[in-house]
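Residues in the sequence shown are numbered from 348 upward in steps of one, following our numbering.
Virtual Cβ for every residue (Gly too), placed ideally from N, Cα, C.
As the structure is a prediction and not an experimental result, all values here were calculated from the model.
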Amino acid sequence: TNLNEPQRTSTNLNVTEQDFREVTWGLSSSGVGKERVLDHGGPAGGWYEGQLLPGALLGELGPNGMSSHYYMYVPGSDLCSPTDESGGAVRTGVAYSMDQEQWTLLPDPVLDLGPSGTWDESNVFVNGATLTPEGYVALTYMGNNYGTSNTSAGLPLGWGGVGLAISKDGPLGPFVKQPSPVLVMGEEGEWDDGAIHEHTLERLPNGTYVLLYTGFSSTTRGDQGGLATSEDLLTWTKHPSNPILPSAPLANSWDGSHRRPRSLSKVGDFYYMLYEGAAEDRRDSYHDNSTSCYRDAIGLARSTDLLNWATDHDMKVAIPPSTNADEAFAAVWTGWPRAAPSATFMREYPDNKGSIAVLHAVGGDDFVDQGDHHYASVAKQEITALDLEEGWGA
């Protein structure tokens, strides 16, 4: 992988509503009917009463080299503060599965809020998971401090960077956090000087760790994607070509409001990125109330070098308007895509074989009826090899 080439290009299509692909729901374990694979709605006041989001995926290899267990790290909200974006404080728990369809959620979070006055006192969203050469489990997370108790410590309010937590005892923890973010916001005037939050973490075959991350600055249009690398997970170097996933050229395109890297895979000669996007004019296009809420969709980009990304694929995973209140809980929003192959959890796939299972978040009518972004669950669908090969612009 060439991470030193400074040139980059980006293309985009101004798509129409017909270009969006309807979500197909994962089958239940019995094979009958369709349902979400992991649902929000824990005990009142519990850590996942309002949301469950597919934050990161990890596989545990069995003796045959195939994944014997799958672990999904799931941020959940407790609905303790209706004015916050997620409806309350967000902690991260874990669910495990043998087949990626039937998941068992453990009752307690594995990564909790930081103490009062710390940079992650308000929310802890795990976004990345990987195994280190020592066999440890490393989680990266986005944290923030909406409170005011931290101002005396000189900590910035809001999304302050990417945190790191390590477990030496396996995927279920316990996890020990680093006291401060390992990737921090840029200097004033840089493209990521306002926030660093959603991201994905991978370890390349050469041992280098890669973060594709979301940065924001008030001087640019919406969120953009950047690249950072590390040899030890502690010291990160931002690439000089950042942002490698810049704002879409057209503000009215489907991803014209923001672009957020979410998942990275390797198939043949290409890296494939799943990313969130939304357009300003899609804020309320699937609902008739006055609540302001982006209708995020999931797009596909590809690159041979992690720097130059083509975004002109015609696949956009979105949720169309529903007239049936019983269908997929009248879903109106989708996001947080996390890709895993159907056969094995290794993220470097053989050429043109099989399909990639995509776990992603979905929000129903109550996602906007009760406030900003309160209720969300986890759904699943497949991206086939044909999807990856075809549909790209000239």
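Reduced DSSP secondary structure (H/G/I, E/B, other) of TYR633: Confidence is the limiting factor: at TYR633 the pLDDT is only 39, short of 50, which leaves the residue's position unreliable, though a coordinate-based value still follows. Coil, per DSSP.
Where PRO593 falls, given that 16 or more other Cβ within 10 Å makes a residue buried: buried
Where ALA595 sits in the DSSP three-state scheme: coil
Distance between GLY536 and TYR560 (C-alpha atoms, nearest Å): 18 Å
Inter-stretch contact at 8 Å, needing at least 3 Cβ pairs: the segment 461–472 / the segment 445–452: no
Inter-stretch contact (C-beta, 8 Å, three-pair minimum) for the segment 603–614 and the segment 560–580: yes
Those residues which DSSP pairs with HIS605 across a bridge: ALA625
Exposed unless 16 or more other CB atoms sit within 10 angstroms - verdict on ALA391: exposed
Status (buried if at least 16 other CB within 10 Å, exposed otherwise) for LYS585: buried
ILE730 beta carbon less than 8 Å from that of THR681: no
Where GLY581 falls: helix, strand or coil (DSSP): The sequence as given places Leu at residue 581; Gly does not occur at that position. In the structure shown, LEU581 sits in coil (DSSP, three-state: anything other than H, G, I, E or B).
Nearest-angstrom Cα separation, counted from VAL614 out to CYS427: 42 Å
Local Cβ density within 10 Å of GLN525, reported as buried at 16 or more and exposed below that: exposed
Close Cβ partners of ARG694 (< 6 Å) along its chain, the five nearest in sequence each way excluded: For ARG694, the predicted structure reports a pLDDT of 46, less than 50, and the residue's modelled location is therefore unreliable. The matter cannot be settled from this model.
As assigned by DSSP and simplified to three states, the class of ALA436: coil
For LEU452, the nearest candidate out of ASP516, TYR483, ASP386 and TYR493 (CA to CA): ASP386
SER588 versus TRP656, MET662 and VAL484, residue with shortest Cα-Cα distance: TRP656
Cβ shell of TRP739 (< 7 Å), same chain only, five flanking positions each side left out: ALA657, ASP659 and HIS660
Alpha-carbon to alpha-carbon, GLY573 and SER724: 27 Å
Sheet register partners of LEU400 (DSSP bridge): Its beta-bridge partners do not exist; DSSP assigns none.
TYR420 versus VAL441 - alpha carbon distance: 4 Å
Supposed close pair LEU400, TRP683 - CB separation, criterion 8 Å: 5 Å
Beta-bridge partners of ASN470, as assigned by DSSP: VAL437 and ASN491
Per-residue burial, THR465 [other beta carbons within 10 Å of its own, 16 or more giving buried]: buried
Cβ-Cβ distance between ARG438 and LEU404 below 8 Å: no
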